[in-house]
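One line per chain: the protein sequences are A and B, in this order. For the record, in the first sequence the residue sitting at position 207 is 202 according to our numbering, with numbers rising by one throughout. For the record, in the second sequence the residue sitting at position 311 is 299 according to our numbering, with numbers rising by one throughout. Note that the Cβ used here is the ideal one computed from N, Cα and C, for glycine as well. Keep in mind that this is a model prediction, so the values were computed, not measured. Notes follow the structure.
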Amino acid sequence: MHLRKFGISILGAILLSVSSLTVADETCMSPYMAKIVGQEDYVYVWTLGVEGLGDEQDKLVTIDVNPKSKTYAKVVSVLSVGGRNEAHHSGLSDDRHYLWAGGLDSNKIFIFNVHSDPRKPTLHKVITDFVEKTGGIVGPHTFYALPGRIMVSGLSNNKDNGGRTGLAEYNSKGEFIATHWLPTDGDLRGAKKEGKYADGYGYDVRVQPRRNVMLTSSFTGWSNYMMDFGQMLQDGEAMKRFGNTMVVWDLHTRKPKKVIDVPGAPLEIRCAWGANNNYCFTTTALTSKIWLIYEDDNGEWQGKAVADIGDASKVPLPVDISITADDKGLWVDTFMDGKARYFDITDPFNPVQTFEEQIGSQVNMISQSWDGKRAYFSTSLLGNWDKTGSADEQWVKLYAWDEAKLELTHKWTIDFYKQKLGRAHQMRFGAYSLYSSKNQNKEKEVTLLNK
Amino acid sequence: MSELLCKLKILVFLLPLFFLSSVSLGEDNTVYSGPGDNKDGYDTNKYITNSLSLEERKGKKSNLIQYVTLKQLGLPAVEIPDNNPISREKIELGKKLFFDRRLSLNNTVSCGMCHVPEQGFTNNEIKTAVGIEGRSNLRNTPTILNIAFSKFLFHDAREFSLENQVWQPVLAHSEMAMPSFGFTIKKLQLIPGYKKLFNKAFPNEGINMETFGKAIASYERSLVSGNSKFDKWYYGGDKNIVNEKVKKGFDVFMGKGNCSSCHAVGEKSALFFDNKLHNTGIGYAESMGLLKNKKTRVQLAPGEYVEVDNNIIKSVNQQKRKNDLGLYTITENPSHRWLFKTAGLRNISLTAPYMHNGIFATLDEVIDFYNEGGFQNELLSPMIRKLNLSSLEKENLKLFLESLVGENINILIADAISAPVGDLTKDDPNWANDTDMGYNK
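Okay, here's the thing in structure tokens:
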């Protein structure tokens, strides 16, 4: 079904092999982006520096993950970038030549060259004037590839460190194009406030190009995401400063069309791939629910809470999520109990949890390989939100996933504390197959989606 | 019928204006006071957002020096240090520095990120201040409105002049974390524009430790706000400017409530603080763990709460906080344990949350605390005792406190908002901008 989405493939025969795949991580990324559909060679881990550990600064850590390599499951490159920037998320350019990685605190954006030598990325450019250029957006979070562009969602602002913020649009060279403010009551920017909230908060950004839709979600401002997590939970005023909205945008004009109430901090957005599946999922961090954001029969986008995730009173804190390529499964990591949960979303209005396993004392991100057989997990949520003492494990783990048996099998762990690296956050994949000049696995082709 | 309806409509239209009038308007009639991200009513599921556009936050520049030199009802004259005469140039330079985030190690924290103008020059959104890299601070951000009249600075009174005080947050590890005086000055010299502004404000002196302190102190000293409704009634004789409830509340304040024993009111002026330190028991209770329950009520969304086991909270409480012993921290005198500076009450309705650690979210909670006689401890101030105030007396007391908003508050906020926020540009010193600050040249 999802094959209908494929525009260009390098080898038509490969399309047939892809058709048998059932899950894929790269569905989390932009449909405008080149994909790795075979074995990934490297995992790039955007890693937080920790005071008292190693060189104490943020770094891009490259792990060799090709089982055929002599350095399989080893760290093969460490690129320190200076400062503890609150390393968080990263995103690849549409041609997948560059990895943009942001600092939620310093507002620096590090653009790494990952194509010249995928085994050893280099620092290509640092954007230092993000706040100044955007007119005050703080906390560059998601880096999402649009054709020739990178859309950067912000979390905060330089006026009050609160949650009101905007999107910043850059071209692929790293040049600022425009700021698109999230709609507030003071300026809805033409959007319809459907419910009670128009908080102007931001977090993630995703698109469904065939519906000309862009979606944003909402988290919290600098004061909260930088604050000690335990302290914040006890601060009644701070707990009022979380986003309760998602915004439906016109993708082409970048104009907000509608603000939807989604209470409790909706974070990651994952959109379905099926040609007729006009919906996306998100999870709310605080209220612990899966929400479906969908286009109804009248062409209107709506939001609906469709499932609970664990026990909200225990603050499971759903964090990263990942939808499968056939739109039938959704992985949900819950930070506080360190579990990975798998939901059957065949009926998107009635997700059913079919599997869960504890990955560690804390878990944040999940990245699956394109063939769905490998799931990488990492630990760190935010520098001041991670657990304390022995529960503050910091690693990247690989598991093999057997969907038929609903079984995760641990393969290896790289301990980021033991290697004096820091806190492991977001993982992105690299592969020689992406770059024709260094294509070492010609049977593992590159497929371009929607081009 | 139609006439009545019309009158009702006018009344409905005027009512909001009446309430808004408790905050004085600026010259352009735009109300700047109050968080741009309004959370009033967030404790119920009836909450409706009233968020302001960041793009529209422009403010309006004013001539601040007038508030230093002109007499304001209810306030004494501002004392200007002999070695730092006030000037427009210094105020403008100090304001620019105050909102410049480049004055921190990683270019993210300015004075104004904690002393947020529209939040009463404090921070309404968190109990205690969050510094660079999210480091926890023990204390609630104090307002800098009327700071010109304070003999002591910081909650524990560790500084005595604004000129000296301004350096501590800049250098503090948990606040702005600049590594040294010299590095701060060097950085300022390399940021385009500052040399010229310093030379203009301080001819023949330029950028140095003293002029840096003097500039910011001059701006802070200009944030003088009197002429409140209370002042116009009590010191100005305007009997109709406040209602009877406010007057009765003032009676409670001066009498049964015994508030004025610390929050001083004079014959010609009222600072509403005594430039002294007192033990209310809050510091003691926090140090002794008396304020904690087994569970914490945590808000998840508007009107939605859960009771969370404190062990869960402890599992993500990385930054262990020291106990806050107040003045003792400075003197090591055991009789100074848990002594904190008396807070001024002017503009108090704009500066929530309250007390040195932001423990109380509302004035009602503060009044209830004092009505119950504080937290008992061997060093409790003898002026704190059970008050037995009635509900009506407490309500009137609150209305009186709300009458202490300065007339020019909106102008001060608008002026602050009009100042540029200093953020890192491509022309500024930073290794990633290929400027190494001269270390390798």
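For residue i, I'd like the list of residues in its chain whose CB is within less than 8 Å of its CB, leaving aside the five on either flank, ordered along the chain.
i, result
"Lys264 (chain B)", "Cys250, Lys329, Thr330"
"Ser430 (chain B)", "The question about residue 430 (chain B) has no answer here: the residues shown for chain B are numbered -11 through 429."
"Gly197 (chain A)", "His136, Ser148, Gly149, Leu150, Gly158, Thr160, Gly161, Leu162, Leu177, Thr211, Ser212, Ser213, Phe214, Gly238"
"Leu228 (chain A)", "Met234, Val310"
"Gly78 (chain A)", "Gly44, Gln52, Asp53, Gly98, Ser101, Lys103"
"Ser385 (chain A)", "Ser356"
Roughly how many angstroms separate the alpha carbons of residue i and residue j, rounded to a whole number?
i, j, result
"Val73 (chain A)", "Leu368 (chain B)", "56 Å"
"Ser406 (chain B)", "Ala68 (chain A)", "54 Å"
"Pro116 (chain A)", "Lys280 (chain B)", "49 Å"
"Asn272 (chain A)", "Leu325 (chain A)", "15 Å"
"Leu351 (chain B)", "Pro341 (chain B)", "8 Å"
"Gly426 (chain B)", "Leu178 (chain B)", "10 Å"
"Ala420 (chain B)", "Asp124 (chain A)", "10 Å"
"Asp356 (chain B)", "His84 (chain A)", "46 Å"
"Phe424 (chain A)", "Lys54 (chain A)", "16 Å"
"Lys392 (chain A)", "Gln414 (chain A)", "14 Å"
"Asn196 (chain B)", "Val45 (chain A)", "34 Å"
"Ile336 (chain B)", "Thr317 (chain B)", "27 Å"
"Pro346 (chain A)", "Ala302 (chain A)", "6 Å"
"Arg285 (chain B)", "Tyr293 (chain B)", "7 Å"
"Met422 (chain A)", "Ala82 (chain A)", "12 Å"
"Tyr37 (chain A)", "Val70 (chain A)", "10 Å"
"Asn80 (chain A)", "Val253 (chain B)", "48 Å"
"Trp221 (chain B)", "Glu232 (chain B)", "11 Å"
"Ile377 (chain A)", "Ala280 (chain A)", "The residue asked about is misnamed: residue 377 (chain A) is Leu in this sequence, not Ile. C-alpha separation (whole angstroms): 14 Å."
Can you round the beta-carbon distance between residue i and residue j to whole angstroms, since I take them to be within the 8 Å contact cut?
i, j, result
"Asp180 (chain A)", "Asn38 (chain B)", "5 Å"
"Ser212 (chain A)", "Asp199 (chain A)", "5 Å"
"Asn166 (chain A)", "Gly143 (chain A)", "6 Å"
"Leu94 (chain A)", "Tyr39 (chain A)", "6 Å"
"Gly238 (chain A)", "Gly158 (chain A)", "6 Å"
"Trp390 (chain A)", "Ala370 (chain A)", "Actually they do not touch by this definition, with Cβ atoms about 14 Å apart."
"Gly394 (chain B)", "Ser216 (chain B)", "5 Å"
"Arg249 (chain A)", "Arg201 (chain A)", "With a Cβ gap of about 14 Å, Arg249 (chain A) and Arg201 (chain A) do not count as contacting."
"Ala273 (chain B)", "Phe363 (chain B)", "4 Å"
"Tyr27 (chain A)", "Asp112 (chain A)", "Between Asp112 (chain A) and Tyr27 (chain A) the Cβ distance is about 24 Å, and since that is not below 8 Å, they are no contact."
"Ile399 (chain B)", "Asp230 (chain A)", "Incorrect: roughly 31 Å between the Cβ atoms, too far for contact."
"Leu430 (chain B)", "Thr278 (chain A)", "Limits of chain B in this structure are -11 at one end and 429 at the other, which puts residue 430 (chain B) out of reach."
Does any C-beta atom of chain D lie closer than 8 Å to the C-beta of residue i?
i, result
"Thr383 (chain A)", "Considering every chain present, this structure includes no chain D. Its protein chains are A and B."
Leaving aside the five residues before and after residue i along the sequence, list all residues of the same chain whose C-beta is less than 7 Å from its C-beta, in chain order.
i, result
"Asp415 (chain B)", "Pro180"
"Asp31 (chain B)", "Gly291"
"Lys283 (chain B)", "Glu295, Val296, Asp297, Asn298"
"Met209 (chain A)", "Val200, Val202, Trp244, Leu246"
"Asn187 (chain B)", "Gly194"
"Leu52 (chain B)", "Ile79, Ser210, Asp403"
"Ile401 (chain B)", "Tyr20, Ser21, Pro105, Glu106"
Within 7 Å: the Cβ of residue i and any heavy atom of the ligand COA?
i, result
"Gly277 (chain B)", "The ligand content of the structure shown is nil, which means the ligand COA is not present either."
Take residue i and list the residues in its own chain whose beta-carbon comes closer than 6 Å to its own, dropping the five residues that flank it on each side.
i, result
"Phe137 (chain B)", "Leu259"
"Leu81 (chain B)", "Leu185, Ala189, Ala203"
"Gly119 (chain B)", "Asn125, Ser162, Glu163"
"Thr413 (chain B)", "none"
Selection of the stretch 202 to 221 of chain A by Cβ proximity to chain B, strictly under 7 Å: Ser218, Met221
Scan the stretch 311 to 339 of chain A for residues whose Cβ lies nearer than 8 Å to a Cβ of chain B and list them as they occur along the chain. Met331
Between the stretch 208 to 225 of chain B and chain A, which residues of the former have a C-beta closer than 7 Å to a C-beta of the latter? none
Within the stretch 166 to 201 of chain A, note down every full beta strand (DSSP E) run reaching 3 residues or more, in order along the chain. 171 to 176
Threshold first: 3 residues or longer. Then list the beta strand (DSSP E) segments lying entirely within the stretch 215 to 274 of chain A, N to C. 240 to 245, 250 to 256, 261 to 266
At 4 residues or longer, what runs of the alpha helix (DSSP H) sit wholly inside the stretch 33 to 80 of chain B? 53 to 57
Minimum length 4: unbroken alpha helix (DSSP H) runs contained in the stretch 339 to 411 of chain B: 351 to 359, 379 to 390, 397 to 406
Got a sec: which bits of the stretch 271 to 298 of chain B sit with their beta carbon under 7 Å from any beta carbon on chain A, in order along the chain? Thr284, Val286, Gln287, Leu288, Ala289, Pro290, Glu292, Val294, Glu295, Val296
Using a Cβ-Cβ cutoff of 8 Å, what residues of the stretch 87 to 119 of chain B are near chain A? List them in chain order. Arg89, Asn94, Asn95, Thr96, Met101, Val104, Glu106, Gln107, Asn111, Asn112, Glu113, Ile114, Lys115, Thr116, Val118
Of all the alpha helix (DSSP H) runs that stay within the bounds of the stretch 128 to 154 of chain A, which reach a length of 4 or more residues? none
Quick one: which unbroken beta strand (DSSP E) runs of 3-plus residues sit fully inside the stretch 29 to 58 of chain A? Chain order, please. 29 to 31, 37 to 43
Let me know the beta strand (DSSP E) ranges lying completely inside the stretch 283 to 359 of chain A, each 3 residues or longer, listed in chain order. 284 to 290, 296 to 303, 313 to 318, 324 to 329, 334 to 339, 347 to 353
Contact residues within the stretch 278 to 312 of chain A, judged by C-beta distance below 7 Å to chain B: Leu281, Thr282, Ala307, Ser308, Lys309, Val310
When Cβ atoms are compared, which residues of the stretch 32 to 46 of chain B fall closer than 9 Å to chain A? Asn33, Lys34, Tyr35, Ile36, Thr37, Asn38, Ser39, Leu40, Ser41, Leu42, Glu43, Glu44, Arg45
Please identify, using Cβ separations under 7 Å, the residues of the stretch 39 to 57 of chain A that lie next to chain B, in order along the chain. none
Could you give the uninterrupted runs of the alpha helix (DSSP H) lying entirely in the stretch 263 to 300 of chain B, keeping only those of 4 residues or more? 270 to 275
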